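Peer 1:
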């Protein structure tokens, strides 16, 4: 294992693992020393099509030879193309492109509040969120998430967000008032510990929003773009479409791309000058985003993700049963699975990494397994074998 760089000039905001990756191919990463790792982290659900996918590489190279950046002062055929495809495969009528999930969430907040302002209710600014949520690292996003860990030292908290316990329907209903603008939720909590929202609850949120004239906002930054076996996670549920939705991560396949999707009604107040971005929607990002959709929208691709997800969940359930002294169980949807641990999850992540398997810790003492959507059953079995060996060693070390 390579050593960390001495006297690094970088912020110490990341507790970096001392491994230097030089290249990647598919579901595998390689260090400068030639060591191979099986990647079930995928850049935290970013590398949706794995590393160095040939179609993405070709699209980026072709665009790089033409145009990188001209700003949003001019019309963008590349944005029109990707935006139209996103709308055709979702609830949305309008799209605003960003560089990240946090920026997509910021656009979602502003879209909801601006509509109420322009439609005679400027007092309606409050957005209801849920405990365990993670919506990004900007001041507004960490205020929406409500985690004391992420807020510490960055106060005061940005106003306009009210948090209720996850799954507490009565608390949610009580929180709705004359200043409420929207309800925000992740259909599957990622950072919060791979917690899917029950289908009936998503339908209930839609009904609540309709009853009270609120916008329903989904954060599908991590669970969207094929991660659960549908284009978007909420599409498993009839009658639960949002008004506004934030995406990022998988849509860029590793290139920084995000977007805020909205209905015509919700987006109608976002008139010229109401919002902006310098790099969002640049030609390089749009070329890669379109290339990602080329693959994900191919006939049979999402069905293959669903099949791989079933195989993976079965193998993980068997693993949890055979290591019930260390693991409590498996949860999640699609290729967004979590191992609920009885021992410290970061110790489990480190043990897996020692066997050259990359995973990600999450809240509620969970280990996240969020591999590229292009993996095979053989890759899944190899990963489970590595986990089995690592957990057996942990048990022996006692």
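Residue numbers (the numbering used here): -10 to 387.
Even glycine gets a Cβ: it sits at the ideal position worked out from N, Cα and C.
In this text, all values refer to a predicted model and were calculated from it rather than measured experimentally.
#1: Can you find the residues in the same chain that come closer than 6 Å, C-beta to C-beta, to residue 375, ignoring five residues on each side of it along the sequence?
#2: Within its chain, find whatever has a CB closer than 7 Å to the CB of residue 129; leave out the 5 residues flanking it on each side and keep chain order.
#3: Is it true that the CB of residue 49 sits closer than 9 Å to the CB of residue 273?
#4: Pair every Cβ in the segment 282 to 301 with every Cβ in the segment 362 to 378, then say whether three or more of these pairs are closer than 8 Å.
#5: Please classify residue 248: does DSSP put it in a helix, a strand, or coil?
#6: Which one of 167, 113 and 134 has the shortest CA to CA distance from residue 152?
#7: DSSP beta-bridge partners for residue 329?
#8: For residue -7, count neighbouring C-beta atoms within 10 Å of its own C-beta (all shown protein chains included) and say buried if the count is 16 or more, exposed if not.
#9: Would you decide whether residue 5 is buried or exposed? Buried here means 16 or more other CB atoms lie within 10 Å of its CB.
#10: By the 10 Å Cβ neighbour count, where 16 or more other Cβ atoms means buried, how is residue 191 classified, buried or exposed?
#11: What's the call for residue 58, buried or exposed, on a 16-neighbour Cβ count within 10 Å?
#12: Is it a yes or a no for the segment 82 to 90 touching the segment 256 to 276, going by three-plus beta-carbon pairs under 8 Å?
#13: As an exercise, report each continuous alpha helix (DSSP H) stretch of at least 4 residues that is fully enclosed by the segment 46 to 83, in chain order.
#14: Just to confirm the assignment: which complete alpha helix (DSSP H) runs, minimum length 4, are found wholly within the segment 181 to 226?
#15: Just how far apart, CA to CA, sit residue 62 and residue 267?
#16: Quick one: which unbroken beta strand (DSSP E) runs of 3-plus residues sit fully inside the segment 129 to 163? Chain order, please.
#17: How big is the Cα-Cα spacing for residue 8 and residue 327?
#18: So, helix, strand or coil for residue 118, using DSSP?
#19: Just verifying my parser: in three-state terms, what is the DSSP assignment at residue 235?
#20: Can you tell me whether residue 9 is helix, strand or coil according to DSSP?
#21: In chain order, what residues of the same chain lie with their CB nearer than 8 Å to the CB of residue 315, ignoring the 5 residues before and after it?
#22: Report the residue from 310, 183 and 335 whose alpha carbon sits nearest the alpha carbon of residue 34.
#23: On the three-state DSSP scale, how would you describe residue 288?
#24: In its own chain, which residues sit with a C-beta less than 6 Å from the C-beta of residue 179, not counting the 5 before and 5 after it?
#25: For residue 227, which residues in the same chain have their Cβ closer than 8 Å to its Cβ, ignoring the five residues on either side in sequence?
#26: With DSSP as the reference, label residue 40 as helix, strand or coil.
#27: Do you know whose CA, among 136, 171 and 119, lies nearest residue 160's CA?
#28: On the CB-based measure, 16 or more other CB atoms within 10 Å of its CB, does residue 2 come out buried or exposed?
#29: How is the beta strand (DSSP E) around residue 169 delimited, first residue to last?
#30: Can you list, in chain order, the residues of its chain whose CB lies under 8 Å from that of residue -9, leaving out five sequence neighbours each side?
#31: Of the choices -3, 230 and 107, whose alpha-carbon is the least far from that of residue 263?
#32: In three-state DSSP terms, what is residue 297?
#33: From the DSSP output, in three-state form, read off residue -8 for me.
#34: Secondary structure at residue 15, three-state DSSP: helix, strand or coil?
#35: List the endpoints of the continuous beta strand (DSSP E) containing residue 25.
#36: Would you call the CB atoms of residue 102 and residue 149 closer than 9 Å?
Peer 2: Walking through what the data contain:
#1: Within the chain shown, residue 375 is the residue found at index 386, counting from 1. Same-chain partners within the cutoff: 344 and 346.
#2: What you label residue 129 is simply residue 140 of the chain shown in a count that begins at 1. 95, 98 and 147, listed in sequence order.
#3: Locating residue 273 in the chain shown gives position 284, counting from the first residue. Locating residue 49 in the chain shown gives position 60, counting from the first residue. Going by C-beta atoms, residue 273 is nearer than 9 Å to residue 49.
#4: yes
#5: Within the chain shown, residue 248 is the residue found at index 259, counting from 1. It is a strand residue.
#6: Here residue 152 corresponds to residue number 163 of the chain shown, with the count starting at 1. For residue 152, the nearest C-alpha among the options comes from 134.
#7: Position 340 of the chain shown holds residue 329. Answer is 318 and 355.
#8: Position 4 of the chain shown, counting from 1, holds the residue named residue -7. Note that residue -7 has pLDDT 46, beneath the 50 cutoff, so the model's placement of it is unreliable and the number below is only indicative. The residue in question, residue -7, is exposed, as its Cβ has fewer than 16 Cβ neighbours within 10 Å.
#9: Taking the chain shown and counting its residues from 1, the one referred to as residue 5 is at position 16. Counting of Cβ neighbours within 10 angstroms places residue 5 among the exposed residues, the total staying below 16.
#10: For the purposes of this step, residue 191 is identified with residue 202 of the chain shown, where counting begins at 1. Its Cβ being crowded by 16 or more others within 10 Å, residue 191 is buried.
#11: By one-based count along the chain shown, residue 58 stands at place 69. It counts as exposed.
#12: yes
#13: 66 to 77
#14: 188 to 201
#15: Along the chain shown, read from residue 1 onward, the residue named residue 62 stands at position 73. Along the chain shown, read from residue 1 onward, the residue named residue 267 stands at position 278. Those two C-alpha atoms are separated by around 9 Å.
#16: 150 to 153
#17: Sequence index remark: in the chain shown, residue 8 carries index 19 (1-based). Sequence index remark: in the chain shown, residue 327 carries index 338 (1-based). Going from the Cα of residue 8 to the Cα of residue 327 covers about 24 Å.
#18: Locating residue 118 in the chain shown gives position 129, where the first residue counts as 1. Correct three-state label for residue 118: strand.
#19: Taking the first residue of the chain shown as 1, we reach residue 235 at position 246. Strand.
#20: Taking the first residue of the chain shown as 1, we reach residue 9 at position 20. The answer is coil: DSSP assigns residue 9 none of H, G, I, E or B.
#21: Within the chain shown, numbered from 1, the residue matching residue 315 stands at position 326. Excluding positions up to five away in sequence, the list reads 330, 331, 332, 337, 380, 383 and 384.
#22: What you label residue 34 is simply residue 45 of the chain shown in a count that begins at 1. Residue 183 is the option with its Cα nearest to residue 34.
#23: On the chain shown, residue 288 is found 299 positions in, with the first residue counted as 1. The answer is coil: DSSP assigns residue 288 none of H, G, I, E or B.
#24: Your numbering for residue 179 matches position 190 in the chain shown. If we look at residue 179 and ignore the five residues flanking it on each side, its Cβ neighbours are 211.
#25: Residue numbering aside, residue 227 sits at position 238 when the chain shown is read from its first letter. Result list for residue 227: 192, in chain order.
#26: Residue mapping note: residue 40 aligns to position 51 of the chain shown, counting from 1. Assigned with DSSP and collapsed to three states, residue 40 falls in strand.
#27: Residue mapping note: residue 160 aligns to position 171 of the chain shown, counting from 1. Nearest in C-alpha terms to residue 160, of all of 136, 171 and 119, is 119.
#28: For the purposes of this step, residue 2 is identified with residue 13 of the chain shown, where counting begins at 1. Under this definition residue 2 is an exposed residue.
#29: Indexing the chain shown from 1 puts residue 169 at position 180. Looking at the DSSP string, the run of the beta strand (DSSP E) that includes residue 169 is 169 to 174.
#30: Reading the chain shown from its first residue, position 2 is the one you call residue -9. At residue -9, the pLDDT of 45 sits below 50, so the modelled position is not reliable; the number obtained from the coordinates is stated separately. Result list for residue -9: 7, 8, 9, 20, 21 and 22, in chain order.
#31: Here residue 263 is taken as the residue at index 274 of the chain shown, counted from 1. Residue 107 is the option with its Cα nearest to residue 263.
#32: Position 308 of the chain shown, counted from the start, is the residue given in the question as residue 297. The answer is helix: DSSP assigns residue 297 an H, G or I state.
#33: For the purposes of this step, residue -8 is taken as residue 3 along the chain shown, with counting starting at 1. With a pLDDT of 46 at residue -8, under the threshold of 50, the modelled position of that residue is not reliable, and no figure is offered here.
#34: Position 26 of the chain shown, counted from the first residue, corresponds to residue 15. Looking at residue 15 - three-state DSSP - the assignment turns out to be strand.
#35: Your numbering for residue 25 matches position 36 in the chain shown. Run containing residue 25: 25 to 28, per the beta strand (DSSP E) assignment.
#36: Within the chain shown, residue 102 is the residue found at index 113, counting from 1. Within the chain shown, residue 149 is the residue found at index 160, counting from 1. Against a cut-off of 9 Å, the Cβ pair of residue 149 and residue 102 comes out as a contact.
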